[in-house]
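The next block holds one structure in the form of C-alpha cells; read it before the comments.
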Amino acid sequence: MIFVTLGTQDKSFVRLLNAIQKQIDNGNIKEKVIVQAGHTKFTSKDMEIYDLLSPDEFNKYIDECSLLITHGGVGSINDGLKRGKKIISAPRLEKYKEHTNDHQLQIIKTFSKQGYILPLYDFDKLDDILKEIKKFKPKKFKSNTVNFINKLKNYIDNY
Numbered sequence: 017m018i019f020v021t022l023g024t025q026d027k028s029f030v031r032l033l034n035a036i037q038k039q040i041d042n043g044n045i046k047e048k049v050i051v052q053a054g055h056t057k058f059t060s061k062d063m064e065i066y067d068l069l070s071p072d073e074f075n076k077y078i079d080e081c082s083l084l085i086t087h088g089g090v091g092s093i094n095d096g097l098k099r100g101k102k103i104i105s106a107p108r109l110e111k112y113k114e115h116t117n118d119h120q121l122q123i124i125k126t127f128s129k130q131g132y133i134l135p136l137y138d139f140d141k142l143d144d145i146l147k148e149i150k151k152f153k154p155k156k157f158k159s160n161t162v163n164f165i166n167k168l169k170n171y172i173d174n175y
C-alpha cells in the first residue's frame, strides 16, 4: 500500500494527486493508494481519500505502507524516516499557491542530499522516481535533536 500525506496546510495540493492519478491510469501504480488530503479536495475512483485521519490511523498507515509519498513538511518526512520507510517527497510551491513560500524546496533538498528521501520536483517524471524508489536504500535516520538542544543550551548559557 502507498500512503500519501498532503499535510494540514490550508491550501490545496491537487497537483500531486493529479500526478499520482496519472501514474495509476498509466499502470505504473498498482498498489492500493490511501491519501490524507487535508484541505485538498480531489475525487478518484482509484484512491481512498480522507480529509484527516486520527493520529492512530495515520500512524497505522505509515507503519503498513511500502511507500510514503508526502509533501515537504518536516513532520511528515520524519514520521516516515523514524519507521524506515522509503519516501518520495514533493514540495508545495508558492507559484501554484500551494504555500506562502518555497521553504519545502529547501527541506526536501536537505533530506535528499543526506540520502534519506527521493525528491519529486518535476511531477511529469513521477514514473521515473517510482522506478528509482524500488532500488533506493534510504540512509538510516539519525535525529539531530540532542545536538540541537546542546547548541541551544550552550547559546543560552553564554548569552
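Residues 17 to 175, numbered by my numbering, are exactly what the sequence shown covers, in order. Backbone N, C-alpha and C fix where the C-beta goes; we use that ideal spot for every residue, glycine too.
- As the crow flies, the alpha-carbon of I40 is around 41 Å from that of V162.
- Close CB contacts of V30 within its chain, under the 7 Å cut and outside five residues either way in sequence, are with T56, F58 (chain order).
- Secondary structure at I124: helix, using DSSP grouped into helix, strand and coil.
- Between the C-alpha atoms of T21 and F164 there is a straight-line separation of about 27 Å.
- With contacts defined by Cβ atoms closer than 8 Å, V49 and I18 form a contacting pair.
- In terms of Cβ geometry, S60 and Q37 form a close pair [threshold 8 Å].
- Annotation: A53 is outside any beta strand (DSSP E) and is labelled neither H nor E by DSSP.
- In the structure shown, L136 falls within a coil segment according to DSSP collapsed to helix, strand and coil.
- If you draw a straight line from the Cα of L69 to the Cα of G91, it is about 15 Å long.
- E64 carries a strand assignment under DSSP once its states are collapsed to helix, strand and coil.
- Excluding residues up to 5 positions away in sequence, E110 lie with their Cβ nearer than 7 Å to the Cβ of T116 in the same chain.
- If you ignore the 5 residues before and after I78, its C-beta comes within less than 7 Å of the C-beta of F19, L84, D95, G96, R99, K101, all in its own chain and listed in chain order.
- The beta carbon of D62 lies closer than 6 Å to those of I40 in the same chain, with the five residues before and after it left out.
- Beta-bridge annotation (DSSP): I103 is paired with L84.
- Between the alpha carbons of T86 and Y175 lies a gap of roughly 39 Å.
- Considering only K158, L32, D144, R108, the residue with the shortest C-alpha distance to Q122 is R108.
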